[in-house]
Every structure is written in C-alpha cells, then in structure tokens.
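Counting from 4, one number per residue, gives the positions in the sequence shown under the working numbering. Glycine is no exception: its CB is placed at the ideal position from the N, C-alpha and C atoms. Quick caveat: nothing in here was measured; it's all calculated off a predicted structure.
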Amino acid sequence: MNHVPDSVVTAIDTFGEQLLLGDASAVSGTLRNDLQIEISPPDGSTAVCRYKAVHTQSPPTLRDRGSFVTTIVDGVDSRLQQWGIDPPAAYRYVDTVNDTHHYEGTLQLP
C-alpha cells in the first residue's frame with residue numbers, strides 16, 4: 004500500500020464503510036500525476052472502477068503499462084479486497100478522452 008496515497012486509501016475505506024451502511028457514493032483520487040482512479044456509485048452488487056492514465060500509449064490492460072503502475076493497481080485492489088470487494092482480473096482499455104486513456108473493470112460488491 005505504500006505506493007497508494009493516503010487520500011486514496013481513506014477514500015476507499017470510506018467507500019467500504021458506506022457500503023456496509025448501504026449508502027456508498029462515488030470515489031475519486033489521484034494516484035500519481037498521470038494516473039487517477041474513479042469508482043462509480045454502486046449499481047446493485049457491482050460498481051465500475053475506472054483508471055484515467057495520461058500516456059503516449061494505450062496498451063490493452065492497465066497492468067501492461069509496467070511494474071510501477073501494476074504495484075499501484077495491486078495496492079488499490081488489495082485495499083478493496085479488505086472490504087470484501089472483488090476487483091476484476093484486469094482493467095481493460097475502453098476509450099481515450101482528451102489524451103487521457105480510460106481503463107475499466109467491474110467490482111463485485113459484498
């Protein structure tokens with residue numbers, strides 16, 4: 004978790020607590036200057052987790068961006084799992100908006 008900023012860890016923890024209370028809202032945060040995360044409000048038993056990456060290339064999955072990004076994503080996934088939230092096997096490229104590549108995956112909520 005040392006590569007995940009405290010503000011993002013806190014946002015994930017708040018999301019997890021709110022899930023337990025049945026009133027979770029969206030999450031967003033900056034993981035590093037070229038990588039952001041957004042988690043949509045729950046839709047039944049799922050939520051969409053989107054990463055926004057500024058980079059010259061858009062590989063098919065976010066973890067294909069390299070070991071440092073993989074370490075960050077693994078840290079986020081680990082924190083989600085501590086709340087009983089199952090992350091997807093991969094966050095897949097879905098679109099580019101204003102030179103920012105979007106990668107998404109579906110979270111399975113407890």
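Let's test the definition: count the other Cβ atoms within 10 Å of the Cβ of residue i and tell me whether it reaches 16, buried, or not, exposed.
i, result
"Val76", "buried"
"Ala92", "exposed"
Could you pull out every residue in the same chain whose Cβ sits closer than 6 Å to the Cβ of residue i, ignoring the five residues on either side in sequence?
i, result
"Val97", "His105, Glu107"
"Gln39", "Thr33, Lys55"
Verify whether the separation of the beta carbon atoms of residue i and residue j is less than 9 Å.
i, j, result
"Asp80", "Pro90", "yes"
"Ala56", "Asp37", "yes"
Name the residue from the options whose alpha carbon lies nearest to the alpha carbon of residue i.
i, options, result
"Tyr54", "Glu20, Ser43, Phe18", "Ser43"
"Thr99", "Val7, Gln60, Arg82", "Gln60"
"His6", "Ser31, Glu20, Thr73", "Thr73"
What's the C-alpha gap between residue i and residue j?
i, j, result
"Thr17", "Arg95", "25 Å"
"Arg66", "Cys52", "14 Å"
Can you list, in chain order, the residues of its chain whose CB lies under 8 Å from that of residue i, leaving out five sequence neighbours each side?
i, result
"Pro45", "Leu22, Ala27, Leu112"
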